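Chemist:
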C-alpha cells in the first residue's frame, strides 16, 4: 500500500463528496448521515474539520467561498482540486484492487482465546452470536428499505459487504461454540490453565 499524505479514510469520503459538488463540512457530515456512511467512517465534528484542514494543506481541496448568514456561523465551502481528483481515484483504485492487512480486535481475542475457561468461552460466544444475529437483521432491514425506495444496487454494496462479513463471522462463531463445547477443549484447558485463572 502506498503511503498517503492524508491517510485517514475519512479524507477519502470527503474527497468523494466534493467530487459531487463543492460544500462545507457541515453539509458533508449531514450527507454522511443521510447516505448511511457513518457506519463506514468513524468521525466526530472535530475529526472531520481536522481532515478537511489536512486535505487543504496537502492541496487536495481548496476554499471556494465563504457563506455568511446572520443566523449561523460563517461557513467555508470547499472544492476538490485536480490534485485531489488524482488522489481520490488513485486511493480508491488501490483499496479496491489490493487486499490490506487489517488487525481486527476479534482476531486478537482469538489468538489468546485459550485462556478462557470452557463455560465462560461458551457464554461469551453465545453473546457474540446474538449480537451478530441482531446486526445481520439490522443490515437486512436497511437494505430492504433502500430497495423499497428503488435505490440501485451499487449504492448498497457496502451494506452487502457488511452483511457478508457478519454472516461469515456468525457461521464461524457457531462452529467455534460447538468446538468449545467438546471434551477436547475442556481437557486441554484443564491441563494448561486450571488453578491459574
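In my numbering, the protein residues as written are 1366 to 1562. C-beta: ideal position from N, C-alpha, C; glycine also. What you are looking at is a predicted structure, and each value in this text was computed from that prediction instead of being measured.
(1) Report the residue from 1538, 1480, 1451, 1492 whose alpha carbon sits nearest the alpha carbon of residue 1559.
(2) Considering only DSSP beta bridges, list what residue 1432 is partnered with.
(3) Residue range of the alpha helix (DSSP H) that residue 1545 falls in?
(4) Are three or more beta carbon pairs between the stretch 1509 to 1517 and the stretch 1448 to 1468 nearer than 8 Å?
(5) Can you tell me which of the three DSSP states residue 1495 falls into?
(6) Return the residue from the list 1403, 1368, 1493, 1450 that minimises the CA-CA distance to residue 1534.
(7) For the alpha helix (DSSP H) that contains residue 1455, what are its first and last residues?
(8) Pick out whichever of 1448, 1411, 1547 has its Cα sitting closest to the Cα of residue 1487.
(9) Which one of 1398, 1499, 1446, 1403 has the shortest CA to CA distance from residue 1532?
(10) Where does residue 1415 sit, in a helix, a strand or coil, going by DSSP?
(11) Should residue 1368 go down as buried or exposed, given a rule of 16 or more other Cβ atoms within 10 Å for buried?
(12) For the alpha helix (DSSP H) containing residue 1382, list its first residue and its last residue.
(13) On a CA-only basis, which of 1484, 1540, 1382, 1552 is nearest residue 1450? Give me that one, please.
(14) Can you tell me which residues form a DSSP beta bridge with residue 1427?
(15) Tell me the rounded alpha-carbon separation between residue 1483 and residue 1404.
Modeler: Taking the geometry as given:
(1) 1480
(2) 1440
(3) 1522 to 1545
(4) no
(5) The answer is helix: DSSP assigns residue 1495 an H, G or I state.
(6) 1493
(7) 1447 to 1462
(8) 1547
(9) 1499
(10) helix
(11) exposed
(12) 1374 to 1385
(13) 1382
(14) 1444
(15) 33 Å
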